[in-house]
Amino acid sequence: MQKLNYRELKRNFLFFDFFPSIFYRFKINSTNILASKLIKQVKNNFIVIADSQSKGKGRFNRKWLSPCCKNLYFSMVLQKNYIINFNTLLFVTTNSILKTLLQYKKGFQIKWPNDIIFNNKKISGILIENIYSNNKIVSQIIGIGININFNFFRIRELQNSAISLKNILGKEISREKFFVKYIKNFIDEYNNKEYSFEYWKNNLAFLNKNIRFHYADKIITGKFISVKENGNIVLEDKNKNILEYSIGEILL
Ligand code: BTN
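Sequential numbering of the sequence shown, starting at 6, is according to the numbering used here.
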């Protein structure tokens with residue numbers, strides 16, 4: 006069991022004005038939960054990172070598997086004038102994860118709206134939460150889980166749907182190095198956010214393919230024909246109806 010080397014992370018963070026503080030916990034319920042508590046005390050942007058989570062939160066109220074010392078689980082918090090449009094933030098965050106993974110190997114793609122997949126298996130997920138005060142967004146919590154060194158091949162229920170970087174590359178990857186590369190890419194992408202929609206769109210998996218789409222309690226079969234600038238997915242069903250959704254999930 007190799008804990009995150011917090012000293013190494015801290016040393017690298019001296020160079021990141023964007024995130025003046027970083028908090029580490031060995032074990033936590035969820036980095037998003039601690040981040041939401043710290044918002045009251047910490048006024049500038051910050052990051053919470055943990056080695057394991059007992060209540061890792063996924064989209065659609067799912068649990069995010071967070072075994073100790075294997076993967077990356079962290080939440081970045083943006084405050085004050087760093088707050089941006091929700092969809093832009095989603096593009097920036099997704100693109101920066103994709104760009105970091107592509108520094109290790111080709112073949113990663115975005116599964117609408119913000120998962121990263123490799124050979125149709127999920128390697129990372131994002132959960133963005135806006136925090137409001139008097140109807141105004143005061144903070145944005147970007148929770149990120151990236152499967153780095155966990156061996157999904159050993160778990161029968163997950164081996165066809167999830168994968169880690171180690172499963173792909175056949176060797177252990179330094180979580181510290183990956184994390185620092187990621188933060189650099191995130192800041193770069195944030196600073197060039199006017200291009201983020203195009204890159205996001207150009208790297209979407211299943212565009213122009215027939216897909217099954219889960220929305221509310223329905224499953225829609227249709228062709229994934231495009232996306233809108235606000236991130237909505239556009240499908241064409243078998244009766245040539247054009248359907249547009251802001252939430253939902255492509256089924257693999
Ligand atoms: C998804 O369902 O795809 C989103 C998963 C997001 C998981 C990350 S792990 C770090 C952060 N803390 C949480 O509780 N969830 C996010």
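From the three backbone atoms N, C-alpha and C, an ideal C-beta is built for every residue, glycine too.
Going by DSSP, name the residue or residues bridged to residue i.
i	result
residue 56	According to DSSP, which records beta bridges pairwise, residue 56 is partnered with nothing at all.
residue 226	217
residue 175	DSSP output for residue 175 lists no bridge partner at all.
residue 26	51
residue 79	54 and 149
residue 121	115 and 129
residue 241	228 and 247
residue 137	142
residue 256	217
residue 84	144
residue 1	Since the first and last residues shown for the chain are 6 and 257, residue 1 lies out of range.
residue 94	Answer by DSSP bridge pairing: none, since residue 94 is not bridged.
residue 68	62
In angstroms, rounded to a whole number, what distance separates the CA positions of residue i and residue j?
i	j	result
residue 74	residue 180	9 Å
residue 165	residue 156	12 Å
residue 107	residue 257	22 Å
residue 246	residue 238	14 Å
residue 199	residue 222	35 Å
residue 218	residue 14	40 Å
residue 112	residue 124	8 Å
residue 94	residue 202	10 Å
residue 146	residue 44	9 Å
residue 120	residue 127	7 Å
residue 76	residue 21	22 Å
residue 59	residue 90	30 Å
residue 230	residue 207	13 Å
residue 258	residue 140	The displayed coordinates of the chain run from 6 to 257. Any statement about residue 258 would go beyond what the structure contains.
residue 136	residue 7	34 Å
residue 212	residue 255	11 Å
Only counting the same chain, and skipping five residues up and downstream in sequence, which positions put a Cβ closer than 6 Å to that of residue i?
i	result
residue 228	215 and 241
residue 35	58, 60, 61 and 62
residue 220	250 and 253
Cβ of residue i within 8 Å of Cβ of residue j?
i	j	result
residue 153	residue 170	yes
residue 97	residue 144	no
residue 172	residue 158	yes
residue 148	residue 62	yes
residue 253	residue 92	no
residue 243	residue 174	no
residue 88	residue 142	yes
Pick out whichever of the options has its Cα sitting closest to the Cα of residue i.
i	options	result
residue 72	224, 237, 150 and 11	150
residue 29	44, 57, 21 and 45	57
residue 250	7, 224, 9 and 78	224
residue 189	10, 6 and 24	24
residue 233	243, 205, 226 and 37	205
residue 37	22, 174, 60 and 80	80
residue 47	85, 35 and 137	85
residue 104	60, 78, 162 and 193	193
residue 39	134, 88, 167 and 118	134
residue 102	33, 191 and 137	191
residue 138	10, 41, 248 and 66	41
residue 187	100, 65 and 12	100
residue 9	49, 118, 78 and 68	78
Would you say residue i touches the ligand COA, meaning its beta carbon is less than 7 Å from a heavy atom?
i	result
residue 37	Looking at this structure, you won't find the ligand COA anywhere; what it does contain is the ligand BTN.
Could you pull out every residue in the same chain whose Cβ sits closer than 7 Å to the Cβ of residue i, ignoring the five residues on either side in sequence?
i	result
residue 210	114, 115, 116 and 122
residue 27	14, 15, 18, 51, 52 and 54
Leaving out five residues before and five after residue i in sequence, what residues of the same chain have Cβ atoms less than 8 Å from its Cβ?
i	result
residue 163	70 and 157
residue 65	254
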